[in-house]
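Enquirer: Residues in the sequence shown are numbered consecutively from 1161, following my numbering.
We treat Cβ as the ideally placed atom computed from N, Cα and C, and that holds for glycine.
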Amino acid sequence: MTYNFKEMGWTDVRDQFRKWRENNERCSDDVIQLWEAVLETRVQKTGNERHLILEQVIIAAFDTSRLDIASKCIQLLSTEFPESLRVMKFEAMRLEAMQMYDEALELLDEIIAKDETNAAPRKRKIAILKAKGKRSEAIKDLCDYLKIFMSDQEAWHELCGLYLAEGEYSKAVFCMEEVLLHNPHSHLIHQRIAEIRYTMGGMENIEISRTYYSQALKLNSNNLRALYGLYLCCSYIANSRALGSKRKEAQKMAHWALETAALRTTKSSKINSNDKLISSLESTLASLDIKSN
């Protein structure tokens, strides 16, 4: 956004910053522009609100790679609050942005030692370990974090991703099941569990995967990914050595899933004539080599 800096006073910028904070909007580029043009030399006039403004500018500076501005603002806060763990966290973020990971980790460990219930530095430490490619250490620290903050859904999601990267599918499923306890009506979580179970393979996992795909479709009938997943699971069962009744039921469900997917794809497609594309999709899905072990 372009601003007419000549017509904006420091009070106007202060009010705009406050509005962004209240609406949880970062608007990092705009924050930096207004800071440099108007508010930087007048920040002392904002009273007690200047601390919030300085923090807002620090985050915006990290977003826009303006580490010079971040350093100045961190120095201002550090002078006023020399022992503040919050300011130490910003300094660790600055070191992280400069790829000085070892120094950042040392500072984060110091913060954690002083306040073990502080979640933010623990998350930053895990992010650094992940950035350095130390997945095993990141998993260990994230498990320790979840022993204290068990209801953190984002952390369970992150741990699931780390386990998947390590090929630990059973542990990844456990993480997603923890997320499911908090959001039992989310079709995306059911779909995610189904995909992991399908990847694990084996008749038992495929049947469980089919159940989760079915639940995902029940919660959101427009979920095409779950529909295709259901087709794959049913095709696997239909070509397995399961009981005849199970195979017959699976064949019917696979046929229904494929027909429904084709119908919905046709309705939602912006291409006027896509019969050939649908036929190609059907032949591709039908030619998948889905066999039991």
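1) Can you tell me whether Asp1175 is buried or exposed? The criterion is at least 16 other CB atoms within 10 Å of its CB, across all chains shown.
2) Output needed for Asn1453: all residues of its chain with C-beta closer than 6 Å, excluding positions within five of it in sequence on either side, in chain order.
3) Is the beta carbon of Leu1302 closer than 8 Å to that of Leu1322?
4) Comparing C-alpha positions only, which one of Thr1206, Ile1272, Tyr1261, Ser1311 sits nearest to Ala1291?
5) Taking the CB atoms as reference points, tell me whether Arg1370 and Cys1394 lie closer together than 8 Å.
6) Find the nearest neighbour of Leu1387 within the set Lys1249, Gly1362, Glu1263, Arg1424, judged by alpha-carbon distance.
7) My assumption, with CB atoms under 8 Å, is that Trp1170 sits in contact with Val1191. Please give the rounded CB distance.
8) Which of helix, strand or coil does DSSP assign to Gln1193?
9) Going by DSSP in three states, Ser1452 sits in which element: helix, strand or coil?
10) What residue ranges within the segment 1359-1402 form continuous alpha helix (DSSP H) runs of no fewer than 4 residues, ordered along the chain?
11) With a threshold of 16 other CB atoms inside 10 Å of the CB of Asn1183, please say whether the residue is buried or exposed.
12) Measure the beta-carbon distance from Tyr1133 to Leu1418 and round it to whole angstroms, keeping in mind my assumption that it falls under 8 Å.
13) Does DSSP classify Lys1408 as helix, strand or coil?
14) Alpha carbon to alpha carbon, how far is Val1247 from Phe1241? Give it in angstroms, no decimals.
15) If you run the structure through DSSP and keep just helix, strand and coil, what is Asp1275?
16) Could you give the residue range of the alpha helix (DSSP H) that holds Arg1186?
Expert: Concretely, from the data shown:
1) With fewer than 16 Cβ atoms within 10 Å of its Cβ, Asp1175 is classed as exposed.
2) Residue placement at Asn1453 is flagged as unreliable, the pLDDT there being 46, under the threshold of 50; a coordinate-derived value is accordingly withheld.
3) The beta carbons of Leu1322 and Leu1302 sit closer together than 8 Å.
4) Put simply, of Thr1206, Ile1272, Tyr1261, Ser1311 the residue whose alpha carbon is nearest the alpha carbon of Ala1291 is Tyr1261.
5) Yes, Cβ-Cβ distance for Arg1370 and Cys1394 is below 8 Å.
6) Nearest option by C-alpha distance: Arg1424.
7) No, Trp1170 and Val1191 are not in contact; Cβ-Cβ is about 14 Å, not under 8 Å.
8) Assignment of Gln1193 by DSSP, reduced to helix, strand and coil, places it in the helix class.
9) Confidence at Ser1452 is low in this model, with a pLDDT of 46, below 50, so its placement is unreliable and the value that follows should be read with caution. Three-state DSSP puts Ser1452 in coil, outside helix and strand.
10) The DSSP assignment places complete alpha helix (DSSP H) segments of no fewer than 4 residues inside the segment 1359-1402 at 1363-1379, 1384-1398, in order along the chain.
11) Flag for Asn1183 reads exposed.
12) This structure cannot speak to residue 1133, because the chain is shown only from 1161 to 1453.
13) If DSSP states are grouped into helix, strand and coil, Lys1408 belongs with the helices.
14) Approximately 8 Å, taken between the alpha carbons.
15) Here Asp1275 carries a coil assignment [DSSP, helix/strand/coil].
16) Per DSSP, Arg1186 belongs to no alpha helix (DSSP H) and is neither H nor E.
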